[in-house]
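The structure appears right after this line, and notes come after that.
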């Protein structure tokens, strides 16, 4: 089905940024139309990860109500900034545009955190309730909330105000970043943490990454200049691929073996016939 972009869609499609998300205030979590053209905060269908659904109910929906009220009162750019300063979760999800009317230009969020950012503080929590409650209290642009189950993966780090982590490639199953820092840095990536499928690499070597701020990816990046890659390939798919390849090679060997055996038997029969002819 071909869909025609609205005026709001056309405005956003003209943006040359590599990656960002869009929030349509018109039933965003059950309406897939926004996802047809953009990376939508509402997702692509009604079936969502349980953890993301909890984030919607606990944080995103309350922030939507607040920002709608604040934007209706806004008269200046400073008012708009103040309105988005309170949408901490939408900001960490890199929400760049708010669609409030399909026939009008969207509202740009100047307070979004971007594709990745460096933080100087970490709070370790014991369980999911503490994760969610702490997320509501802190500023995700400055602090990482990490469940204690990942504590061993958080190696020592320091805040580096000169550090840069920039998105260089964005595909559904691959994301690439370039980092530059003078110290080991704790970095938050504005992408959903999904352990069964996503693997992280620094300069081609697989490394650990962890869940932070309830649903995002985190990693301690070593000092210097590096290429960070996130690749999606579920372990079950890889195992099935290896199994399929193994079965394929076994079949090939069986076929080759059968052909060899066939010609071997044929040659032996010919030799037997020749021997009988000579004997006669």
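Numbering (our numbering), first residue to last: 913 to 1192. A virtual CB, placed ideally from N, CA and C, is assigned to each residue, including glycine.
Do residue j and residue i count as a contact pair if the criterion is CB distance below 7 Å?
i, j, result
"residue 1001", "residue 972", "yes"
"residue 1107", "residue 1044", "no"
"residue 1109", "residue 1056", "no"
"residue 1019", "residue 936", "no"
"residue 853", "residue 1132", "Nothing can be reported for residue 853, as the shown portion of the chain is limited to 913 through 1192."
"residue 1062", "residue 1122", "yes"
"residue 918", "residue 1014", "yes"
"residue 1112", "residue 1144", "no"
"residue 1082", "residue 929", "no"
"residue 1058", "residue 1034", "yes"
"residue 949", "residue 921", "yes"
"residue 1017", "residue 941", "no"
"residue 1025", "residue 989", "no"
"residue 995", "residue 983", "yes"
"residue 1030", "residue 1075", "yes"
"residue 987", "residue 1127", "no"
"residue 1052", "residue 1125", "yes"
Using the DSSP secondary-structure output, state which residues sit across from residue i in a beta bridge.
i, result
"residue 1092", "1076 and 1137"
"residue 976", "Looking at the DSSP assignment, residue 976 forms no beta bridge with any residue, so it has no partner."
"residue 1112", "1119 and 1142"
"residue 1058", "1036"
"residue 1124", "1128"
"residue 985", "Answer is none; residue 985 lacks a bridge partner."
"residue 1064", "Residue 1064 pairs with nothing; no bridge assigned."
"residue 952", "934"
"residue 1081", "1088"
Provide the residue span of the alpha helix (DSSP H) that contains residue i, from first to last.
i, result
"residue 1017", "No alpha helix (DSSP H) contains residue 1017, which DSSP labels as neither H nor E."
"residue 935", "Where residue 935 is concerned, there is no enclosing alpha helix (DSSP H), although the beta strand (DSSP E) it sits in stretches over 933–936."
"residue 1071", "Premise fails: residue 1071 is in no alpha helix (DSSP H) and is neither H nor E."
"residue 946", "945–949"
"residue 962", "962–967"
"residue 924", "919–925"
"residue 1000", "1000–1004"
Tell me whether residue i is buried or exposed, calling it buried when 16 or more other Cβ atoms sit within 10 Å of its Cβ.
i, result
"residue 1153", "Confidence in residue 1153 is poor, its pLDDT being 45 and thus under 50, which makes the residue's placement unreliable; the coordinate value appears in the next sentence. So residue 1153 ends up on the exposed side."
"residue 1028", "buried"
"residue 914", "exposed"
"residue 955", "buried"
"residue 1116", "exposed"
"residue 953", "buried"
"residue 1087", "buried"
"residue 980", "exposed"
"residue 992", "buried"
"residue 933", "buried"
"residue 1066", "buried"
Following the continuous beta strand (DSSP E) through residue i, name the residue where it begins and the one where it ends.
i, result
"residue 1007", "1007–1011"
"residue 1102", "1097–1104"
"residue 1028", "1028–1031"
Pairing CB atoms from the region 1137–1146 with CB atoms from the region 1087–1107, are three or more of them under 8 Å? Below 8 Å, enough C-beta pairs join the region 1137–1146 and the region 1087–1107 to call them touching: three or more.
Looking at C-beta atoms only, is the number of pairs between the region 1060–1072 and the region 991–1008 that lie closer than 8 Å three or more? With the cut-off at 8 Å, the region 1060–1072 and the region 991–1008 do not touch.
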